[in-house]
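The block underneath contains the structure these notes are about, expressed in structure tokens.
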Amino acid sequence: MLAAVLLPFLCCLSSAAAGKLLVIPMEGSHWLSMKAVLAELSRRGHEIIVIAPESRMLIDSSAMYMLKMYPVPFKKEELQELMHSFALDTFSEKPFLFRFLNTWENFRKSSAIFKATCESLLYNKEVMKYIEESKFDAILTDPLTPCGQIIALHFSIPTVFFLRGVPCAIDVHAAQSPDPPSYVPRVFSLYTDHMTFPQRVKNLLIKSFLCNFAYLPFEHLASDFLHRPITMKELLSHGSIWLKRMDFVFEYPMPVMPNIVFIGGINCGQRKPLSQDLSIFGDPCAATSRGPQLSLPQIIYVLLSQLIFRNNQFLSVNRSIVAEFRHNFRHKVPLPPPPPKKAFQ
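In structure tokens, the structure reads:
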């Protein structure tokens, strides 16, 4: 009897159909994580179109997707120089004011380059006509630069955000999650959740000054293109799904909305076995005959030591970290000699 009732409804069901996805990615390591997702989507039969600037570093062509490019008013070398400057400042141990001013300058340069990229895309009539006529089912984009979301609002296309985070927690506020600057340290501040009053003031200054300055050009661009005033927070608040490459093991826990999905393990998808020199430290069987078994922090210390030996640019920055690990875990790995005085010149 039950089967007779359900049969007419089951006949109305159809198999899931593949969709048409527009991808507006972010350069650098952001793209490497996103590319792994595109590989799986392509394997499942979805049609993927990636739109990227002609001057790009890591975004490449592939059989998994169709790459469509558009011209931009800068060269690849300018983008590489900016990324290199960001990397050096991230590991800087210089005073707060120096790091603050350097970060401000890097934000200004990056904001100008990414705004020029976005403007070139939004006002490229050929590409925009192609997007309109293609009838995409969704847009996958990194909201670090909101160009993909501007296009999504313009054509009323659902958006899936793929991100690690947005400076000054604009993504958190856009998703209506709490993030008070009195307790949650801002990027580049190097503070913890236990801050003194002066540190909280500095933390608030980073949020109020740096972030508003960095994203103000995008707010003006979005307002002009959409023909209505709009803020960065309002722009990102229209995202349908947030895929966050993070985990509360390393981040400050907070309440989140149901449309936020944590996929922090995606960067660990391609596991590689430890080398023979390191595998004995984590193998309890080998530890009894060849040496003591190390804990996870000790193994991290060994890996950090190798990084320091291989990359002299981060040598002086990580010496203090290695010294602390060496004192705590008594692992006999010699510290490298001090770097020359002009190592960073």
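Per mature numbering (1 follows the signal peptide of the UniProt record, and there is no 0), the sequence shown runs over residues -18 to -1, 1 to 327.
No residue lacks a Cβ here, since even glycine has one placed at the ideal position from N, Cα and C.
All values reported here derive from a predicted model rather than from experimental measurement.
Check: C-beta contact flag for Ile30 and Leu40 at 8 angstroms; Outcome: no
Check: Sequence ranges, alpha helix (DSSP H) only - wholly within the stretch 129 to 213, length at least 4; Outcome: 129 to 137, 152 to 156, 179 to 187 and 194 to 208
Check: Sub-8 angstroms separation of Thr141 and His220 beta-carbons; Outcome: yes
Check: Distance, Ile248 Cα to Arg292 Cα; Outcome: For Arg292, the pLDDT reaches just 44, beneath the cut-off of 50, and the residue's location in the model is therefore unreliable, although a value from the coordinates is still provided. Cα-Cα distance, rounded: 26 angstroms.
Check: Cβ-based burial, Arg272 [other Cβ within 10 Å; buried from 16]; Outcome: With a pLDDT of 44 at Arg272, under the threshold of 50, the modelled position of this residue cannot be trusted; read the value that follows with caution. It counts as exposed.
Check: Spatial distance of Trp224 from Asp153 (CA atoms); Outcome: 9 angstroms
Check: Beta-carbon proximity check, residue 336 vs Ala120, cutoff 8 angstroms; Outcome: The requested residue 336 does not occur in the structure, where the chain is confined to residues -18 to 327.
Check: Val231, enclosing beta strand (DSSP E) - first and last residue; Outcome: From DSSP, Val231 is part of no beta strand (DSSP E); its letter is neither H nor E.
Check: Three-state secondary structure (DSSP) of Lys2; Outcome: strand
Check: C-alpha gap between Met214 and Ala196, whole angstroms; Outcome: 11 angstroms
Check: Cβ neighbour criterion (16 or more within 10 Å) applied to Leu145; Outcome: buried
Check: Helix, strand or coil at Phe89 according to DSSP, with G and I counted as helix; Outcome: helix
Check: Pair within 8 angstroms by beta-carbon distance, Val166 and Ala156; Outcome: no
Check: Extent of the continuous alpha helix (DSSP H) run through Leu49; Outcome: First-last for Leu49: Met48 to Tyr52, but that is the beta strand (DSSP E), not the alpha helix (DSSP H).
Check: Spatial distance of Pro160 from Pro235 (CA atoms); Outcome: 10 angstroms
Check: Meets three-Cβ-pair contact criterion under 8 angstroms: the stretch 40 to 58 and the stretch 94 to 105; Outcome: yes
Check: Pair within 8 angstroms by beta-carbon distance, Leu64 and Ser92; Outcome: yes
Check: Residue environment, Asp124, which counts as buried when at least 16 other CB atoms sit within 10 Å; Outcome: buried
Check: 7 angstroms Cβ shell around Leu20 - same chain, five flanking residues per side excluded; Outcome: Val5, Ile30, Met46 and Tyr47
Check: Cβ-based neighbour list, Thr99, same chain, cut-off 6 angstroms, excluding 5 preceding and 5 following; Outcome: Pro35 and Val54
Check: The alpha helix (DSSP H) enclosing Val109, as first and last residue numbers; Outcome: Lys107 to Ser116
Check: Neighbourhood of Lys2 by C-beta, 6 angstroms cutoff - its chain only, sequence neighbours within 5 removed; Outcome: Glu29, Phe118 and Asp119
Check: Glu59 vs Ile95 beta-carbon contact at 8 angstroms; Outcome: no
Check: Rounded distance between the beta-carbons of Asp229 and Phe244, thought under 8 angstroms; Outcome: 6 angstroms
Check: Check whether Leu49 and Val32 have beta carbons under 8 angstroms apart; Outcome: yes
Check: Nearest residue (CA-CA) to Val238, options Gln158, His136, Phe82 and Ile113; Outcome: Gln158
Check: Simplified DSSP state of Val19, which is helix, strand or coil; Outcome: helix
Check: Residue range of the beta strand (DSSP E) that includes Pro35; Outcome: Glu29 to Pro35
Check: For Leu225: DSSP bridge partner residues; Outcome: Phe144 and Val243
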